[in-house]
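S.K.: Anchor point for the sequence shown: position 229 equals 229 in full-length UniProt numbering, and the numbering is continuous, going up by one each time. Think of the CB as a built atom: it goes at the ideal place given N, C-alpha and C, for glycine as much as any other residue. Once you've had a glance at the structure underneath, I'll fire off some questions.
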Amino acid sequence: MNVEKIVSALRRVREVKPLVVNITNYVVMNNTANALLAVGASPIMAHSKQEMSEMMFFAGSLVINIGTLDSAWVPRMLHAVEQANVNKKTVVLDPVGCGASAIRTETSRQVAALADSLIIRGNASEIIALAGEQGQSKGVDAMDSSDAALGAAQYLVETYHCAVVVSGEIDFIVTEESYIQLKNGHAMMPYVTGMGCTLSALTGAFAAVGEKTGLAAAAVLGVAGEIAAEQSAGPGSLQVNILDTLYQLDVETLTQRLIMID
1 MNVEKIVSAL
11 RRVREVKPLV
21 VNITNYVVMN
31 NTANALLAVG
41 ASPIMAHSKQ
51 EMSEMMFFAG
61 SLVINIGTLD
71 SAWVPRMLHA
81 VEQANVNKKT
91 VVLDPVGCGA
101 SAIRTETSRQ
111 VAALADSLII
121 RGNASEIIAL
131 AGEQGQSKGV
141 DAMDSSDAAL
151 GAAQYLVETY
161 HCAVVVSGEI
171 DFIVTEESYI
181 QLKNGHAMMP
191 YVTGMGCTLS
201 ALTGAFAAVG
211 EKTGLAAAAV
221 LGVAGEIAAE
231 QSAGPGSLQV
241 NILDTLYQLD
251 VETLTQRLIM
261 ID
């Protein structure tokens, strides 16, 4: 059943080509925009409060990524979430580096508390920090294994009535109804800047067509990364090959390669 939902969501993204509004960090704008295009969605990087009510009226979802956060960004992010709520659109929160500084942790919690429909996608350390548990943090890199964050993920699900994706060697998708593990991907992927940010952006694309658990995005990127790594000499070519693989990924390959435990 979950495989069918993933396949259906991928087809739907390619048919609908949903607009995904991204308030994201300067490091990954190009990467995430290209990934959204490759999977079939339509990205826009919008940071202005003046246009956000219009954007969220016709967009499919909102992705908030705090990677290059400063005091000017916070009110823009919160205003965007308010507009997403008004228009009944899902918010995807990527709490980049949550736990590394007070402003990152506080902003992440503000966004999570404000959003009416929410998916949180982070690495284990970020999820632990967001939940308020003691986690190891080193900048934006995960120092905890993904399974170490399961208790924190469940707490966030219960607190914010959301879905949580904990990405890592194994991806965990936690909702109020289910708990799923995905075991695709490749060890080279963490050596490409913004892989987690790419997953968050793709999560926004699938949320825009009604897949609000984060499962489909994690499955698609995991399989694409695994396939791309097989033909990549290193992180540079991997980045390009992931885009090509997302673009070319067919239902049969996705179904055959997917490793899922539910």
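Hey, could you find the ends of the beta strand (DSSP E) A163 is sitting in?
M.R.: First-last of the beta strand (DSSP E) with A163: A163 to S167.
S.K.: In the structure shown, what three-state DSSP assignment does K138 receive?
M.R.: Note that K138 has pLDDT 44, beneath the 50 cutoff, so the model's placement of it is unreliable and the number below is only indicative. Three-state DSSP puts K138 in a strand.
S.K.: Exposed or buried, what is I127 when buried is set at 16 or more other beta-carbons lying within 10 Å of its beta-carbon?
M.R.: Label assigned to I127: buried.
S.K.: According to DSSP, which residues form a beta bridge with D94?
M.R.: DSSP lists N65 as partners of D94.
S.K.: Who are the Cβ neighbours of I259 in its own chain at under 6 Å, not counting the five residues just before and after it?
M.R.: Around I259: K183 and N184.
S.K.: Would you call the region 89-105 and the region 59-75 in contact, with 3 or more CB pairs under 8 Å?
M.R.: With the cut-off at 8 Å, the region 89-105 and the region 59-75 touch.
S.K.: Looking only at its chain, what residues have a beta carbon closer than 7 Å to the beta carbon of R14, apart from the 5 residues adjacent to it on each side?
M.R.: Cβ within range, chain order: G40.
S.K.: Across which residues does DSSP place S172 in a beta bridge pair?
M.R.: In the sequence under discussion, the amino acid at residue 172 is Phe, which differs from the Ser named in the question. Its beta-bridge partners are V166 and Q181.
S.K.: Among residues of its own chain, excluding the 5 on either side of S146, which ones have a beta-carbon nearer than 8 Å to its beta-carbon?
M.R.: Excluding residues within five positions, the ones whose Cβ falls inside 8 Å are N123, A124, V166, S167, G168, E169, I170, D171 and F172.
S.K.: Applying the criterion that 16 or more other CB atoms from any shown protein chain within 10 Å of the CB defines a buried residue, is P75 buried or exposed?
M.R.: Looking at its Cβ environment, which holds fewer than 16 other Cβ atoms inside 10 Å, P75 is exposed.
S.K.: Would you report the Cα separation of P18 and N31, rounded to the nearest angstrom?
M.R.: For P18 and N31, the distance between alpha carbons rounds to 18 Å.
S.K.: Does the beta-carbon of K88 have 16 or more other beta-carbons within 10 angstroms, so that it is buried, or is it exposed?
M.R.: Exposed is the call here.
S.K.: When burial is assigned at 16 or more other CB atoms within 10 Å of the CB, is I242 buried or exposed?
M.R.: Buried, since its Cβ has 16 or more Cβ neighbours within 10 Å.
S.K.: Could you spell out the range, first to last residue, of the beta strand (DSSP E) harbouring residue 266?
M.R.: This structure gives no information on residue 266, because the portion of the chain shown stretches from 1 to 262.
S.K.: Is the region 41-59 touching the region 246-262 in the sense that three or more CB pairs, one from each, lie closer than 8 Å?
M.R.: These segments do not touch.
S.K.: With H, G and I counted as helix, E and B as strand and the rest as coil, what does DSSP make of V87?
M.R.: Val is not the amino acid found at residue 87; the sequence shown has Asn there. Here N87 sits in coil by DSSP.
S.K.: According to DSSP, which residues form a beta bridge with N123?
M.R.: DSSP, once it has assigned bridges, lists S167 as partnering N123.
S.K.: Can you tell me where the alpha helix (DSSP H) with I6 in it begins and where it stops?
M.R.: Residues N2 to V16.
S.K.: Give the range of the beta strand (DSSP E) segment to which M52 is assigned.
M.R.: Run containing M52: none in the beta strand (DSSP E); it sits in the alpha helix (DSSP H), K49 to F58.
S.K.: What did DSSP end up calling M260 once you bin it into helix, strand or coil?
M.R.: Strand.
S.K.: Can you tell me whether DSSP reads L249 as helix, strand or coil?
M.R.: Here L249 sits in coil by DSSP.
S.K.: Nearest to S178 by CA position, among T213, A33 and S42, is which residue?
M.R.: Nearest C-alpha to S178: T213.
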